[in-house]
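Here the structure comes first, spelled out in structure tokens, and everything after it is commentary.
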Amino acid sequence: MITLFYKKAIQDILANRLLNSISIITIALSILIVSAFTLFFINASDIMNAWKQGIRIMAYLQPNASEGNLPDLKKKILGLYGVQDVRFISKQEALEQLKNQMKRQSSLLENLKENPLPDAFEVRMIASSHQVEKIEFLATQIESLPFIEDVEYGQAWLGRFNNIFNLFRLTGYAIGGLFLMAALFIVANTIRLVFYSRREEVEIMRLVGATDRFIKAPFYMEGLILGASGGILGLGALFVAFMVISLNVEQDLSLGLLNIRFFSPWALWGILLGSMFVGWLGCYLSLKQFLKI
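Put into structure tokens, the structure is as follows:
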């Protein structure tokens, strides 16, 4: 019986190639856009998490902080929740690090009469404290301690990147939702037009005793085929684009230390099933107007 429904669905698709091609392309574009945004979010989250792993809070000390104050201050910082390790960096060590980082511009530092850099504590956080809100809260706590003059952790860049990431997320949801609605609309109208072209055949089938389930089954099969075809086409286009982009981008991300990844097999199956559901739902919405569900 399923084979019969499948053959009938294929016949209807071939008989209405233009309409069904438009439906498949629309579903493919919807899957491509939604999947592309999702893949971007996955890899952007990986990059952001890896970047957060390297974030250190630098607590700069006041000039009047003496060596006798350092052990007690370090103990207080270690006692704060979220702190994994604290390392003292003297102004001399900081200047040496700066000279190593500015080897080509080292002449700029040779004529310094005194060291302008302050003593500082480098604070490393535990993995669960790498969220933006927790980093900001911990930095505020450290800044309130005595002898701490300033706290730096790249807050400007961190906040800006986080805002851009959230903006892309909202944009992806909005565009993906619009394209999915467009796909539903086009699939529903395609099935509706196919039904109109076969309405006399449907009436005859009813007269000879065919059930609504028997009549609807080929249309639902057609919707599933359209959804599956669009999903495969969209994922195929996304994979080709991913391979082209990853070959260039991966070389620039920490010399390959961070890999750009594609969807897992389970995620691909989930997207494909979602695409088939879009085709089925478009068929359901169309037939609901003509047959009792």
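Residue 11 is where the sequence shown starts when you use the numbering used here, and the numbers rise one by one after that. Using N, Cα and C, we set each Cβ at its ideal position, and we do this for glycine too. All values derive from a computational prediction rather than experimental measurement.
CB-CB under 8 Å to I201, same chain, minus the five flanking residues each way: which ones, in chain order?
F229, E232, G233, G292, C293, S296, L297
Output needed for V44: all residues of its chain with C-beta closer than 6 Å, excluding positions within five of it in sequence on either side, in chain order.
G186
Near L265, what residues of its chain come up, given a Cβ to Cβ distance below 8 Å and the 5 sequence neighbours on each side ignored?
Unreliable placement is indicated for L265, whose pLDDT of 45 sits below 50; the coordinate value is still reported in the next sentence. The beta carbon of L265 sits closer than 8 Å to none of the beta carbons in its chain outside the five residues before and after it.
Presumed contact (8 Å Cβ cut-off) between L236 and N59, rounded CB distance:
Rounded, the Cβ-Cβ distance is 38 Å, inconsistent with contact.
So the candidates are F175, G92, S40, S100; which of them puts its Cα closest to the Cα of E146?
G92
Within 10 angstroms of the Cβ of W276, are there 16 or more other Cβ atoms? Answer buried if so, exposed if not.
Exposed is the label assigned to W276, since fewer than 16 other Cβ atoms lie within 10 Å of its Cβ.
Quick check: what's the CA-CA separation for I37 versus R179?
Roughly 21 Å between the two C-alpha positions.
Could you tell me the alpha carbon to alpha carbon distance between G240 and L283, rounded to whole angstroms?
11 Å
Neighbour-count burial assignment, M253, 16 or more Cβ in a 10 Å radius:
exposed
In chain order, what residues of the same chain lie with their CB nearer than 6 Å to the CB of I303, ignoring the 5 residues before and after it?
Confidence at I303 is low in this model, with a pLDDT of 41, below 50, so the placement of that residue should be treated as unreliable; the coordinate-derived value is given next. Hits under 6 Å: none found.
Sequence-distant residues of the same chain with beta carbon closer than 8 Å to K198, five excluded per side
The question names Lys, yet the displayed sequence has Ala at residue 198. Same-chain partners within the cutoff: G292, C293, L295, S296.
Tell me whether the beta-carbon of L83 lies closer than 8 Å to the beta-carbon of L127.
no
Could you give the DSSP three-state label for D82: helix, strand or coil?
helix
Three-way DSSP call (helix, strand, coil) for V197 in this model:
helix
Would you list the residues sitting across from M135 in a DSSP beta bridge?
V93
Got a sec? Which residues, its chain only, sit under 7 Å from L80 by beta carbon, not counting five neighbours each side?
F98
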